[in-house]
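There are 2 protein chains.
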Amino acid sequence: MTRPRTRIQQRNSETILEAALEVFSQQGFRGATLDQIAEVAGLSKPNLLYYFASKEAIHAALLSGLLVTWLNPLRAMDPDGDPVAELLGYVRRKLELSRDFPRESRLFANEMLQGAPRIRAALEGELRDLVQEKAAVLRRWMDEGRLAPVHPVHLIFSVWALTQHYADFDVQVRAVLGKAEADPFPEAGQFLEVLFRRLLEP
Amino acid sequence: MTRPRTRIQQRNSETILEAALEVFSQQGFRGATLDQIAEVAGLSKPNLLYYFASKEAIHAALLSGLLVTWLNPLRAMDPDGDPVAELLGYVRRKLELSRDFPRESRLFANEMLQGAPRIRAALEGELRDLVQEKAAVLRRWMDEGRLAPVHPVHLIFSVWALTQHYADFDVQVRAVLGKAEADPFPEAGQFLEVLFRRLLEP
DNA sequence: GGATGGTTTGACCAATCGGTCAGTTTCAGA
DNA sequence: TCTGAAACTGACCGATTGGTCAAACCATCC
Numbered sequence: 001m002t003r004p005r006t007r008i009q010q011r012n013s014e015t016i017l018e019a020a021l022e023v024f025s026q027q028g029f030r031g032a033t034l035d036q037i038a039e040v041a042g043l044s045k046p047n048l049l050y051y052f053a054s055k056e057a058i059h060a061a062l063l064s065g066l067l068v069t070w071l072n073p074l075r076a077m078d079p080d081g082d083p084v085a086e087l088l089g090y091v092r093r094k095l096e097l098s099r100d101f102p103r104e105s106r107l108f109a110n111e112m113l114q115g116a117p118r119i120r121a122a123l124e125g126e127l128r129d130l131v132q133e134k135a136a137v138l139r140r141w142m143d144e145g146r147l148a149p150v151h152p153v154h155l156i157f158s159v160w161a162l163t164q165h166y167a168d169f170d171v172q173v174r175a176v177l178g179k180a181e182a183d184p185f186p187e188a189g190q191f192l193e194v195l196f197r198r199l200l201e202p
Numbered sequence: 001m002t003r004p005r006t007r008i009q010q011r012n013s014e015t016i017l018e019a020a021l022e023v024f025s026q027q028g029f030r031g032a033t034l035d036q037i038a039e040v041a042g043l044s045k046p047n048l049l050y051y052f053a054s055k056e057a058i059h060a061a062l063l064s065g066l067l068v069t070w071l072n073p074l075r076a077m078d079p080d081g082d083p084v085a086e087l088l089g090y091v092r093r094k095l096e097l098s099r100d101f102p103r104e105s106r107l108f109a110n111e112m113l114q115g116a117p118r119i120r121a122a123l124e125g126e127l128r129d130l131v132q133e134k135a136a137v138l139r140r141w142m143d144e145g146r147l148a149p150v151h152p153v154h155l156i157f158s159v160w161a162l163t164q165h166y167a168d169f170d171v172q173v174r175a176v177l178g179k180a181e182a183d184p185f186p187e188a189g190q191f192l193e194v195l196f197r198r199l200l201e202p
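Chains as they are written, first to last, in the numbering used here: chain A, 1 to 202; chain B, 1 to 202.
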């Protein structure tokens, strides 16, 4: 449940979570099966259940760390920094998360599509509080005339939507852009910088 | 398969598809079960399979009409109209789709998260062609100085991301905004209009 | 070389899965 | 009112599901 003790426990727990992330992020909770996870992990199904009490427990372990990681870039937005630079930095870090951890993004998206049955509480508590706190900072910046006035919460939504789109809809992005092997993220980064710069510069 | 003939066939086919949309959009293909769909539809499982050959067939029937509906707003963008007005109109119509057909949006999102195994071909064909066609129009508008120069395809991505976010992440949006009963769409519409106006006006 | 405790597994379980089928009920048209 | 087709159902099928368990394995320390 908490920290694995032996090296084997450490290694196998990680292997299982890695495999579970692969499967859950693609199939959702109900669509994923322990057999799939076991196969990806290269372990037997009973062995999975030796390390985690249930399918639910594996999923919970994945989700528990997720929200924190996901919100770190927002937390890092400095109220004493330069408004536009801070927000562009946030966008950049969030886009890097989409690029480097697309499966985590899809796991989160899956949970949202299902109506967030397992993290509803965190959304209405932790997440809401942080967003409201940062929205107040944004509102202050706007009042000071250092940021164009827009609805601060929807502004944060727009950062989420625009960055996560490149992870969650990766197939579509690549299909439309055509060049299957090319990396769409550099272009996306440039586009988003222009977008937010034009939106936010007073 | 094609058009139902009798009134009963018409009604029950619609009932089944309506129920299937409810379940598939929330659970994804693998996560959904025929029993769930049958219960929501108020029909017996064998009766479902009297109208549709298989679970796969129900899902396919839902998806087949989806892409067309989903792309209609983009199709409606008039190459001879006013650039900014046309794009804002597109955004408005797309946001209305998110508001009025959130389950369709989630069904599509689920398919994307799974890697689009059933509509990959349409993405690389029909969808790609339409986007490239409209991107050419956007590029022309930019060359004529009637639209600020940005990457046209990523511009279209941004419309998708920002509008679909309000359907796909509806739970999160409402959790963060707090007021559970309030409708976030009017505010969203205003925000998106400001965003795209500032981004696109030359 | 044993003893010990952490690790792994084949065999198995009840429940649920998508789907079939023989047979019954309902309905529309003559 | 009769009849044939359409609509519907309970019972059932083999496969798969999440999960259990006793037994075996294995590394380590004495």
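Beta carbons: idealized from backbone N, C-alpha and C, even for Gly.
Since the structure is predicted, the reported quantities are computational estimates derived from the model, not experimental observations.
So K45 of chain B and L34 of chain B are in contact, right, with Cβ under 8 angstroms, and what is the actual spacing, rounded?
Within the second sequence, residue 45 of chain B is the residue found at index 45, counting from 1. Within the second sequence, residue 34 of chain B is the residue found at index 34, counting from 1. With a Cβ gap of about 5 angstroms, K45 of chain B and L34 of chain B count as contacting.
Same chain, Cβ closer than 8 angstroms to E193 of chain B, neighbours up to 5 away in sequence not counted
As a working mapping, residue 193 of chain B is identified with position 193 in the second sequence. Excluding sequence neighbours, E193 of chain B sits near L88, V91, R92.
Indicate whether L74 of chain B and T163 of chain B have their beta-carbon atoms separated by less than 7 angstroms.
The residue labelled residue 74 of chain B in the question sits at position 74 within the second sequence. The residue labelled residue 163 of chain B in the question sits at position 163 within the second sequence. Taking 7 angstroms as the Cβ cut-off, L74 of chain B and T163 of chain B do not qualify as a contacting pair.
Given T2 of chain B, which residues of its chain have a CB within under 7 angstroms of its CB, disregarding the five upstream and five downstream residues?
Against the second sequence, residue 2 of chain B aligns to sequence position 2. Residue placement at T2 of chain B cannot be trusted, given a pLDDT of 49 that sits under 50; the coordinates are not used to answer.
Identity of the residue in B:D183, B:V171, B:G178 nearest R120 of chain A by Cα:
Along the first sequence, one-based indexing puts residue 120 of chain A at 120. Each of B:D183, B:V171, B:G178 was checked against the Cα of R120 of chain A, and the nearest Cα belongs to B:V171.
When you compare only the Cα positions, how much space is there between R30 of chain B and M142 of chain B?
Against the second sequence, residue 30 of chain B aligns to sequence position 30. Against the second sequence, residue 142 of chain B aligns to sequence position 142. The C-alpha of M142 of chain B is placed about 44 angstroms away from the C-alpha of R30 of chain B.
Does any CB atom of chain B fall closer than 7 angstroms to the CB of N207 of chain A?
The shown model of chain A, from 1 to 202, leaves out residue 207 of chain A, and the question about it has no answer.
D168 of chain B and A109 of chain B closer than 7 angstroms at C-beta
Start at 1 with the first residue of the second sequence, and residue 168 of chain B comes out as number 168. Start at 1 with the first residue of the second sequence, and residue 109 of chain B comes out as number 109. The Cβ atoms of D168 of chain B and A109 of chain B sit closer than 7 angstroms to each other.
Answer with yes or no whether the minimum CB distance from T2 of chain B to chain A is below 7 angstroms.
Residue 2 of chain B sits at position 2 when you count from the first residue of the second sequence. Residue placement at T2 of chain B cannot be trusted, given a pLDDT of 49 that sits under 50; the coordinates are not used to answer.
Just tell me which of A:N12, A:I58, A:T15, A:E126 has its CA closest to the CA of L107 of chain A.
Counting from one through the first sequence, the residue named residue 107 of chain A turns up at place 107. The residue with the shortest Cα to Cα distance from L107 of chain A is A:I58.
With 16 other CB atoms within 10 Å as the buried threshold, where does G28 of chain A fall?
Residue numbering aside, residue 28 of chain A sits at position 28 when the first sequence is read from its first letter. It is buried - the Cβ of G28 of chain A has at least 16 other Cβ atoms within 10 Å.
Which one of B:S158, B:R146, B:F157, B:Q26 has the shortest CA to CA distance from D80 of chain B?
Reading the second sequence from its first residue, position 80 is the one you call residue 80 of chain B. It is B:R146 whose Cα lies nearest to the Cα of D80 of chain B.
Output, in sequence order along the chain, the residues in the region 16-38 of chain A whose CB is closer than 9 angstroms to any CB in chain B.
Those residues of the region 16-38 of chain A that come within reach of chain B (Cβ to Cβ, closer than 9 angstroms) are S25, Q26, Q27, G28, F29, R30, G31, A32, T33.
For H59 of chain B, name the three-state secondary structure that DSSP assigns.
In the second sequence, counting from the first residue as 1, residue 59 of chain B sits at position 59. Here H59 of chain B carries a helix assignment [DSSP, helix/strand/coil].
Alpha carbon of S98 of chain B to alpha carbon of L66 of chain B, nearest angstrom:
Position 98 of the second sequence, counted from the first residue, corresponds to residue 98 of chain B. Position 66 of the second sequence, counted from the first residue, corresponds to residue 66 of chain B. If I take the Cα positions, the gap works out to 13 angstroms.
Could you say which of A:E18, A:F196, A:K179, A:P186 lies nearest to F101 of chain A if we only look at CA atoms?
Locating residue 101 of chain A in the first sequence gives position 101, where the first residue counts as 1. Of A:E18, A:F196, A:K179, A:P186, the residue nearest in Cα terms is A:E18.
Are I16 of chain B and Y51 of chain B closer than 7 angstroms when you measure CB to CB?
The residue you call residue 16 of chain B lines up with position 16 of the second sequence. The residue you call residue 51 of chain B lines up with position 51 of the second sequence. In this structure, I16 of chain B lies near Y51 of chain B, with their beta-carbon atoms less than 7 angstroms apart.
Do the CB positions of H151 of chain B and F191 of chain A come within less than 7 angstroms of each other?
Sequence index remark: in the second sequence, residue 151 of chain B carries index 151 (1-based). Sequence index remark: in the first sequence, residue 191 of chain A carries index 191 (1-based). Yes, they are a contact pair.
For N72 of chain A, does the count of other Cβ atoms within 10 angstroms reach 16, so buried, or fall short, so exposed?
As a first step, residue 72 of chain A must be located in the first sequence, where it is residue number 72. That one is exposed.
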